[in-house]
Every structure is written in C-alpha cells, then in structure tokens.
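Protein sequences appear in the order of chains A and B.
The first sequence begins at 87 in the numbering used here and counts up one residue at a time.
The second sequence begins at 729 in the numbering used here and counts up one residue at a time.
The beta-carbon is built from N, C-alpha and C at its ideal position, and this holds for glycine as well.
Encoded as structure tokens, the structure appears first; notes follow it.
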Amino acid sequence: MLNIALIYPELLGTYGDGGNALVLVERARRRGIEAQVIDVGIADEMPDASLYLLGGGEDGPQRLSADLLRVSSFASRVRDGSFVVAVCAGLQILGTSFAIEGNDEFEGLGLVDVVTHRGTSRSVGELVVRVGDQALVGFENHGGRTSLGADVAPLGSVERGRGNDGSVDGFTTSTIWASYAHGPMMAMNPWFADEVLSHVHGRELEPLALVADQLYEERRAALIR
Amino acid sequence: MPSGFSWRDGVAKTAVRSVNILSRLSSRGSGTVIGGRVGLALSPRLLANLAQGREVILVSGTNGKTTTSAMIATGWGSSIAANETGSNMPAGHVAALVASSSPSVVLEVDESWLADVARATKPRVIVLLNLSRDQLDRANEVRQIAERWRDFLVDLKETTVVANANDPLVVYAAEVAVSVAWCDVPTPWTTDAVSCPRCTRPLHFSDASWWSECGFSEPQNVVTTLRGGLNVRGASLDLDLALPGTFNEANAAMALTALSWLNVGIADALARINALANVAGRFSVRQWRGHTVRLLLAKNPAGFSAMLATIPDDGVDVWVAINARIADGRDPSWLYDVPFELLRGHRVVCFGDRKLDLATRLDYGGVEYMVANDETAIAHSDDPIAVLANYTAFQEWRERSSEC
C-alpha cells in the first residue's frame, strides 16, 4: 500500500493543496497500484508514509505548522528516506529559516540549506519552470525570496513568473521536490505527478491517458510563446 | 441639500449622471461604475457628502452580499438607494447615491473597501455575513481582511454591527465594536478558521459551538437564532423563502436583524423577503437552445459547497461553467477545495474558459462528465438543468439565455 500523507490540510491547504494527494492516489490506483491518502490533522501523530505532502498556508498557520512539525517525527522520517513534495509555505518550512509576520528569521525545519526572506513585492501569477526537458506550469502567490545553499539544486529554471528569485524555482534532493507552483500542480502537470509517483513506487509506471493531458497541453500552449 | 455639500460636489454629481447616461447610450455596460469613477476623481469627499443625513446599511462578507442587500432593500419596503448591479466599490456606491435620493440606503461593499466606505457613509448598521477564501490572487489572506475590519470597527461608535456568531473570523473582527447584534446562523464552511485568529492554536468545533484554548469562543449573547425556526430579538418568525438553500435562510435572518435596528415592521418585511424569487438573475429560470436552465452563481469553495447542497441527488443535470478572468480570480486552484464528488451520478457538462481544469477535477473526483467542445451538440435531456457558474461565466449565461 502506498501511503500518501497530507500534512495539516487545515493549516497548509490555502490553494486547493489537497488536490495533489487526490491526483497522486488516483494515478496510482488507475494503474492497479494500491494507494491511499492519510490526512494528518494537527492533533494526530505523524503516520508512517511513503510520501509526505506539504501545501501552502497563510502566515499564522505556516508558523503553527512549523512549530508542530518541529516537535513531530517528520524530520527524522524524511532523513530516513521518506519522500516529500512541498509547495509554497511548505517549501519555506523545510529550509533553515523563513520570513513571517515581520520576523525575518523564523526557524524552519532545517532539512535543506535554504533561506527565505521577505521579497519587496508579492509574486502573484502564472509560473512556468523548465525542469529537464519538460515544462512545469502552475500559479504562484507568495511574498518570499528564497536563496539556495551552494550544494542545493533548484527544481528548475524560471521561464515565466518569479519562483525563488526570478531565475530558478524551488529545490530538489534525492527525496524532496519543492516548488512555488502552488495548489494542484500535480493536476496540471501529469508528467510531474508520474515522475514523483515512479520514485515513490520504486519502478516505472505504465502510460496513463487522462483528460489532464489535454489540460497540460492547453496550459503549456497558453503560457509559453 | 445637506450642509457641507459644496459647489464642487454639485459639479461632480452632475458629471456622474452625465457620464452614466452617455455610457448607457453608447452601450458600454450598465454605466454605473464609469460615472462613479469620474465623480470620485472630481470630489474625493463625494461619497461622504452623498450619504450625509441618510440611513445607511452596509453589507459585506465573502458570500451572500448581493442577495442579503436585495433582501434588505425588499424588506425595507419603500424606495431604496442601492447598488443593485453588484458594483460594490466606492465608484459603484457614488453612482447608486446619485441615482436615488432616497433617505434609505443599502450598499453591498467589497470586503477590502469596507473600512473606507464605512468611514465615509457613517452607517447605522453594518452586516458582516462570513469570511472565506475567495479570489486568492487578489486578496491573498482572508485573515488580513478580518484584521482590517477589526481595526476600523473599534472606532465606529454610532454603528450597530450585525455579525455572524458562527464564523470565527467575523467574530474576531466584530467583537471590538461598541454595539454588536450576534446572529446564530448556519455556517457550514469553517475551513478558513481552523486556527484561532487570536492565538493561532486550533479552534474546536462542536454542533452547538466553537472555542479556542485562549478563551476566544462563540458569543453567547445572540439576538437572532435560526435553530429549529427563526427568532429575531425574541420574535418567532415564519421563514418561508422562495429562494433555495440554507445559506439564504441565514442571509434572510441577518437582513431581518439589520432592519429591526431601523424600526422597520418586521412582519411586513418578512412577507416581502419570503416572496423574493430571484436576485440579479441568480436562481432565475431561463431558456437556452431549447433547454430550460436554472442559473446559480457560485464564486468560491464556500459558495460552491452551499450551492451543490441545494441540488437534489438525482433527476437534475448539472452544467458547470468556470472562467478565470480578472473578476473571477485568475487562479482556479480552488476547484480542488469544492466537494464536486457530490455530483457523482448526475449528468455533468463542463463549460467555460477553464472547462479542462474542471474536467480534470471531476475526472480525479470520480464524476462522469462531458466537455462542451461543441455547444450545439449537447445531448438533450428531459431532466431539469442546473447551471452553476462563477462570476464572469454567470454573466455570460445570463446574456446567452433568454426569459422563459
């Protein structure tokens, strides 16, 4: 059974972030892979899962999430090899510090050498990120400006929008994918959902043709000129 | 003419009327906002001067502004000055106050503009319906709106705030006001208030109440309840709305509470509100290419959830139309916050600019659907059709359909 844990949906779910869990589970099940979503509420123990999802949230809920995660087993589970997809506030929480409610150095989980400061303006709009030979399309809405440590690889280069800093977006390690493309980015980018799923499942996936492919083609055509 | 009304305001007022007439003649929309903008530019104090000496009720909140304002205007009974077209920023308010000199004013107000409009119009009553996620690309944090409301409400000494006691964000904003009429009305959408607005710890909800460990909790001194029947300030009222949905019962309860503060006869107001059957086309039954369709507006997850709950389990086809233009919010991520799974078993057709986003959402949610690629080829069904559309998609459906 593939357990996909959706962390604190009531705090980190501002932009339909639960959609990513739904998409991943459905894309697994339709290939005959048993999978389920585990909603991790703020009062729950951190469950055992193959993949943890961290979504976007407002300042207060982001701070509360970081505080709760810090005293949970989340970080040790990630260090032990569980996979993580983090977007927006979730991305910032994984780093060493982030800016929130006027405090420019709120402590993150420190799982990755990444620092987020408050940007001079909010980034709101379509985001296109070149990831290898693919384009990741989505929407960003955040006030952060994220700097990666020298040894941290970005998820990709920004072709439209701002991402971390106008040049690159997010970061990636052998077990973590992080992006500012918020909300149901897995719904808009079926290739990316399958990239994550094949790593988590540990083998190649059969092709799966869904209406999401048409959506991806439409968004790509609309956003890349 | 009220004192303090200057020659410059007179010029501005005339300009608003002229521009509105010209705008309507040249058929560039209904004209109200363009005229209002010109008026505001000519005199920034125009709104304050136009409101002076009148009894003003303001209505704000994420969902139900237009309907509740219409209920208040209808319930009031006399001729009312109101921004009925939904132009709910100051330009629309100026236009409404120029168009009618009635001493009774109802204005629906965009959440972000409420502080400015309240300071200018010195309302007798402000109705605060609810706060939830909406158009996240424009107003990114709903909690910031609650915070801004709180900041200005503390200063309004002559205003009674009619506030939803079941919405923690509304309570957080209104609890500082001098005079509050708390309304215990059904508020199913609390997803945006899971952490306490005072201390950010988790809020606890039960059927009867909600509370936080810091002491922040549902107000107990409610004046209006809607549990097993409507009761406004001690009077039991027989609510029998022509409009559908529990959310409209909550809107009506708050509209009647607002009117009770202005000494309007509540029994008569209730009868008029009960008879109200459609509001700016919302809930109206129309014709389109031989189909009879009922038009339902829903703009955000809370609105969609409420509207989906009004659709019977079977015997109704559901057409959903989604755009993501500026007025809708350009980010349709919220489709994943709507419980579209409720539509399983219905015949569902996807319309609008973002019909593929919708189709993808329905596909992953296990809902069978068709995409209206060729709108002339939609299979005819004998079942009644509900059209659920977000803001600009709804306007398109009003324009493309005709009266029955």
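- Does the distance from the C-beta atom of residue 283 of chain A to that of residue 113 of chain A stay below 9 angstroms? Their beta carbons are under 9 angstroms apart, which means residue 283 of chain A touches residue 113 of chain A by this criterion.
- Task: For residue 1120 of chain B, return the contacting residues in chain A, with the cut-off set at a CB-CB distance below 9 angstroms.
- Result: Taking a Cβ-Cβ cut-off of 9 angstroms, residue 1120 of chain B has no neighbours in chain A, whose nearest Cβ is about 17 angstroms from it.
- Task: Please list the partners that residue 300 of chain A has in chain C, where partner means a Cβ-to-Cβ separation under 7 angstroms.
- Result: The displayed structure is made up of protein chains A and B, and chain C is not among them.
- Message: If I measure Cβ to Cβ from residue 917 of chain B and keep anything under 8 angstroms in the same chain, skipping five residues before and after, which residues do I get?
- Response: These residues qualify, in order along the chain: 858, 860, 1029, 1030, 1033, 1034.
- Could you have a look at residue 102 of chain A and say whether DSSP puts it in helix, strand or coil? Residue 102 of chain A: coil per DSSP, three-state reduction.
- Which runs of the beta strand (DSSP E) spanning at least 3 residues fall entirely within the stretch 958 to 1044 of chain B, listed in chain order? Runs found: 958 to 960, 963 to 965, 1013 to 1016, 1019 to 1025.
- Task: Identify which residue in A/309, A/193, A/197 has its Cα closest to the Cα of residue 167 of chain A.
- Result: For the residues A/309, A/193, A/197, the minimum Cα distance to residue 167 of chain A belongs to A/197.
- Task: Could you spell out the range, first to last residue, of the alpha helix (DSSP H) harbouring residue 189 of chain A?
- Result: Not the alpha helix (DSSP H): residue 189 of chain A falls in the beta strand (DSSP E), residues 189 to 193.
- Item | Nearest to residue 807 of chain B (by Cα), restricted to the options B/1092, B/782, B/822 | The option with the nearest alpha carbon to residue 807 of chain B is B/782.
- Could you give the DSSP three-state label for residue 1065 of chain B: helix, strand or coil? Note: residue 1065 of chain B maps to helix in three-state DSSP.
- Item | Members of the stretch 893 to 911 of chain B that neighbour chain A once the beta carbon cut-off is set at 7 angstroms | Within the stretch 893 to 911 of chain B, no residue has a Cβ that lies closer than 7 angstroms to any Cβ of chain A.
- Task: Report yes if the CB atom of residue 214 of chain A is closer than 9 angstroms to the CB atom of residue 223 of chain A, and no otherwise.
- Result: Going by C-beta atoms, residue 214 of chain A is nearer than 9 angstroms to residue 223 of chain A.
- In whole angstroms, what separates the C-alpha of residue 105 of chain A from that of residue 995 of chain B? Distance between the alpha carbons of residue 105 of chain A and residue 995 of chain B: 47 angstroms.
- Task: Check whether the Cβ atoms of residue 983 of chain B and residue 870 of chain B sit closer than 9 angstroms, and answer yes or no.
- Result: With respect to the 9 angstroms criterion, residue 983 of chain B and residue 870 of chain B are not classified as neighbours on the basis of their beta carbons.
- Message: Would residue 895 of chain B and residue 921 of chain B qualify as a contact pair, given that the criterion is a beta-carbon distance under 9 angstroms?
- Response: Contact: yes.
- Option in B/802, B/1084, B/786 with minimal Cα separation from residue 816 of chain B: With distances taken between Cα atoms, residue 816 of chain B lies closest to B/786.
- Task: Along the beta strand (DSSP E) that carries residue 788 of chain B, what are the first and last residues, could you check?
- Result: Looking at the DSSP string, the run of the beta strand (DSSP E) that includes residue 788 of chain B is 783 to 788.
- Query: Buried or exposed: where does residue 1039 of chain B fall if 16 or more other Cβ atoms within 10 Å of its Cβ makes it buried?
  - Reply: Buried is the call here.
- Query: Could you give the distance in angstroms between the alpha-carbon of residue 821 of chain B and the alpha-carbon of residue 95 of chain A?
  - Reply: A straight line joining the alpha-carbon of residue 821 of chain B with that of residue 95 of chain A spans about 39 angstroms.
- Message: Tell me which residue opens and which closes the alpha helix (DSSP H) that residue 948 of chain B is part of.
- Response: No alpha helix (DSSP H) contains residue 948 of chain B, which DSSP labels as neither H nor E.
- Item | Contacts that residue 851 of chain B makes with chain A (C-beta to C-beta distance below 9 angstroms) | Ordered by position in chain A, no residue passes the 9 angstroms Cβ test against residue 851 of chain B, which lies about 29 angstroms from the chain.
- Task: For residue 839 of chain B, name the three-state secondary structure that DSSP assigns.
- Result: Three-state DSSP puts residue 839 of chain B in a helix.
- Query: Given 8 angstroms as the limit, is there contact between the stretch 240 to 255 of chain A and the stretch 269 to 280 of chain A, that is, 3 or more CB pairs closer than that?
  - Reply: Result no; under three Cβ-Cβ pairs closer than 8 angstroms.
- Along the alpha helix (DSSP H) that carries residue 1087 of chain B, what are the first and last residues, could you check? Looking at the DSSP string, the run of the alpha helix (DSSP H) that includes residue 1087 of chain B is 1083 to 1092.
- Message: Does the structure place the stretch 1043 to 1061 of chain B close enough to the stretch 1121 to 1129 of chain B that three or more beta carbon pairs sit under 8 angstroms?
- Response: Taking 8 angstroms as the limit for Cβ pairs, the verdict is that the stretch 1043 to 1061 of chain B does touch the stretch 1121 to 1129 of chain B.
- Kindly indicate which three-state DSSP category residue 211 of chain A falls into: helix, strand or coil? Note: residue 211 of chain A maps to strand in three-state DSSP.
- Message: Could you compute how far the alpha carbon of residue 304 of chain A sits from the alpha carbon of residue 274 of chain A?
- Response: Taking the straight line from one Cα to the other gives about 10 angstroms.
- Going by the CB atoms, is the gap between residue 1116 of chain B and residue 1163 of chain B shorter than 9 angstroms? Outside the shown range of chain B, which is 729 to 1132, sits residue 1163 of chain B, and nothing can be said about it.
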